[in-house]
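Have a look at the structure below, then the notes.
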Amino acid sequence: MIKILKYSSIALFFASLAIHFSTFGPFEIFAIDGVWFMQIAVIAAFGAMMFYVKKLRNEKKREPDQKYVDWFRENIQLQMSENNKLAINAIPDVLFFLGIAAFIYVLINFGTCMVGMEFGGPLVEDGKFLLKNHGKVIRALTELEYRKMKSYEMRLFSGHWVIFSYLPALFFTYVYPATVLKREQERNMTSR
Numbered sequence: 006m007i008k009i010l011k012y013s014s015i016a017l018f019f020a021s022l023a024i025h026f027s028t029f030g031p032f033e034i035f036a037i038d039g040v041w042f043m044q045i046a047v048i049a050a051f052g053a054m055m056f057y058v059k060k061l062r063n064e065k066k067r068e069p070d071q072k073y074v075d076w077f078r079e080n081i082q083l084q085m086s087e088n089n090k091l092a093i094n095a096i097p098d099v100l101f102f103l104g105i106a107a108f109i110y111v112l113i114n115f116g117t118c119m120v121g122m123e124f125g126g127p128l129v130e131d132g133k134f135l136l137k138n139h140g141k142v143i144r145a146l147t148e149l150e151y152r153k154m155k156s157y158e159m160r161l162f163s164g165h166w167v168i169f170s171y172l173p174a175l176f177f178t179y180v181y182p183a184t185v186l187k188r189e190q191e192r193n194m195t196s197r
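Position one of the sequence shown corresponds to residue 6 (this note's numbering), numbered consecutively onward.
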């Protein structure tokens, strides 16, 4: 199952990149209505990653008489222990810094796209190109402006797909296998 999640996350990442970079060209290659499956796929991959992250956590069960604050503090300390620093160390430096750069890019991309779309959304109603925000018409658009804003809209979504597919790809490729291997080695050491 992990191999399937690994390869599907990697494929999803590259598909997200392809869709994202296509928005910079002069032609609309992908329409947002035609790639909504990507939204679902990215959420599924990220959800699967979170499921496995939860399974890997070294969380202690709360004792019946233990205060919640004390239990929470112990678990935070446990999560910050040396064993869990393995997760970050398992990722190659280049990919780790690419991830940081991608996250910064997504933030800049979000702001740029929102400003480019004038904090609205382009649509066609009764044959007219309009820019709307929460049902309120901001202004009428030319067909060229409409197409440009549709590119911004696709770029906005696909930018998020890139980062939210990159994280599961890293997790299932590096973090999960390294953590499982480390735990097996610890179990073997204690069983001797």
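All C-beta atoms in this analysis are idealised placements derived from N, C-alpha and C, irrespective of residue type, glycine included.
Q. Is it the case that the Cβ atoms of Val74 and Phe169 are separated by a distance below 7 Å?
A. No, they are not a contact pair.
**Q.** Of the residues Asn114, Ala106, Glu150, the one placed nearest Val129, counting alpha carbons only
**A.** It is Glu150.
Q | As assigned by DSSP and simplified to three states, the class of Arg144 | A | Of the three classes helix, strand and coil, the one that applies to Arg144 here is strand, per DSSP.
Q) Looking only at DSSP bridge pairs, what is Leu136 linked to? A) For Leu136, the pairing in a beta bridge is given by DSSP as Pro127, Arg144.
Q: Starting from the C-beta of Leu161, find all residues in its chain whose C-beta is less than 6 Å away, skip the five residues before and the five after it, and write them out in chain order.
A: The residues are Cys118.
Q | Integer Cβ distance of Asn138 from Phe124, believed to fall under 8 Å | A | The pair is a contact, with the Cβ atoms about 6 Å apart (cut-off 8 Å).
Q: Express the C-alpha separation of Lys141 and Met159 in angstroms, rounding to a whole number.
A: Counting only the Cα atoms, Lys141 lies some 21 Å from Met159.
Q. Do you know how far the Cα of Val180 is from the Cα of Thr195?
A. One alpha carbon belongs to Thr195, the other to Val180, and they sit about 23 Å apart.
Q. So, is Tyr12 buried or exposed, given that buried needs 16 or more other C-beta atoms within 10 angstroms?
A. Around the beta carbon of Tyr12, fewer than 16 other beta carbons sit within 10 angstroms, so the residue counts as exposed.
Q. Which class does Val58 belong to by DSSP, given the choice of helix, strand or coil?
A. The answer is helix: DSSP assigns Val58 an H, G or I state.
Q. Taking the continuous alpha helix (DSSP H) assigned at Thr195, which residues delimit it?
A. It spans 181 to 196 - the alpha helix (DSSP H) in which Thr195 sits, taken as one unbroken run.
(Q) Am I right that Val111 and His165 are in contact with their C-beta atoms under 8 Å? What's the rounded C-beta distance? (A) The distance from the Cβ of Val111 to that of His165 is about 6 Å, consistent with a contact at the 8 Å cut-off.
Q. Does DSSP put Ile105 in a helix, in a strand, or in coil?
A. Taken through DSSP and simplified to helix, strand or coil, Ile105 comes out as helix.
Q: Mark Pro31 as exposed unless 16 or more other C-beta atoms lie within 10 angstroms of its C-beta, in which case mark it buried.
A: Result: exposed.
Q: Write down the C-beta distance between Glu79 and Ser156 rounded to the nearest angstrom, noting that I regard them as a contact closer than 8 Å.
A: With a beta-carbon spacing of about 50 Å, Glu79 and Ser156 fall beyond the 8 Å limit used to define contacts.
Q: For Leu69, count neighbouring C-beta atoms within 10 Å of its own C-beta (all shown protein chains included) and say buried if the count is 16 or more, exposed if not.
A: Correcting the residue type first, residue 69 is Pro in the shown sequence and not Leu. It counts as exposed.
Q. Is DSSP giving Pro96 helix, strand or coil here?
A. In the sequence as displayed, the identity of residue 96 is Ile instead of Pro. Coil, per DSSP.
Q | Element boundaries [alpha helix (DSSP H), containing Lys8] | A | Segment 7 to 27, the alpha helix (DSSP H) holding Lys8.
Q.
I need the straight-line Cα distance from Pro173 to Ser14, nearest angstrom please.
A. Inter-residue distance for Pro173 and Ser14 is about 6 Å (C-alpha atoms, whole angstroms).
Q: Using three-state DSSP, classify Lys72 as helix, strand or coil.
A: It is coil, neither helix nor strand.
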